[in-house]
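Undergrad:
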Amino acid sequence: MATWDLFKELDNLRREIDEAFRGAGYNRPSGSSTFLSPATARRFPLVNFSEDEGHIYIEALVPGVDPKDVDLSVLRNTVTISGERKPFVEKEGQIVHRSELGSGKFSRTLELPVDVDSEKITAQCKDGIMQITLAKAEHAKPKKIEIKLS
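In terms of the working numbering, the sequence shown opens at residue 4 and continues consecutively.
1) When you compare the segment 142 to 151 with the segment 72 to 79, are there three or more beta-carbon pairs, one atom per stretch, that lie closer than 8 Å?
2) May I ask which residues mark the beginning and end of the beta strand (DSSP E) holding residue 58?
3) Measure the CB-CB distance between residue 57 and residue 126 and report whether it falls below 8 Å.
4) Tell me, to the nearest whole angstrom, how far the beta carbon of residue 87 is from that of residue 108; I am working on the premise that it is less than 8 Å.
5) What first and last residue would you give for the beta strand (DSSP E) that runs through residue 50?
6) What's the gap between the Cα of residue 43 and the Cα of residue 104?
7) Determine the direct distance from the alpha carbon of residue 119 to that of residue 36, and round the result to whole angstroms.
8) So the beta strand (DSSP E) residue 67 belongs to, where does it begin and stop?
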């Protein structure tokens, strides 16, 4: 007698839905998640990324990660946030009903729209949100040019 596997059936359903969208001419961008894709396929950490005339701002969501376990590096016009979220440790006598929080190593690289001054970068972490401020390089800042009338 064959056994029914709910998760296998859901995975088959996901594949069929993806195929239906592809058949209708919808090609999802590479790296994007699919219908019912596992949470591990999502990019981590999630970020907000903005800029003004002089700075680039990145807010990275790193809840449950000790700031000491996060590395931040800048090379040319890319920023890489990497680290590790420690796994859930089951205590003796404890019954675990659900364990959904991801764990393990992570790395996220963002391409910056302009060059930054690597000497003027600050990062701080509060309430699970890492706030990174990068000063734009002088040559990357907009310059106002005075127009002379003749």
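Glycine is no exception: its CB is placed at the ideal position from the N, C-alpha and C atoms.
TA: Quick look at the numbers:
1) Judged by Cβ distances under 8 Å, the segment 142 to 151 makes no contact with the segment 72 to 79, as fewer than three pairs qualify.
2) Its beta strand (DSSP E) spans residues 58 to 64.
3) Result no, Cβ atoms of residue 57 and residue 126 do not sit closer than 8 Å.
4) That belief holds up - the Cβ atoms of residue 87 and residue 108 are roughly 5 Å apart, short of 8 Å.
5) 50 to 54 is the extent of the beta strand (DSSP E) around residue 50.
6) A caution first: residue 43 carries a pLDDT of 43, below 50, which makes its placement in the model unreliable, though a value can still be read off. Between the alpha carbons of residue 43 and residue 104 lies a gap of roughly 10 Å.
7) Because residue 36 carries a pLDDT of 48, less than 50, the predicted location of this residue cannot be relied on, and no value is offered for it.
8) Neither: residue 67 is in no beta strand (DSSP E) and is coded neither H nor E.
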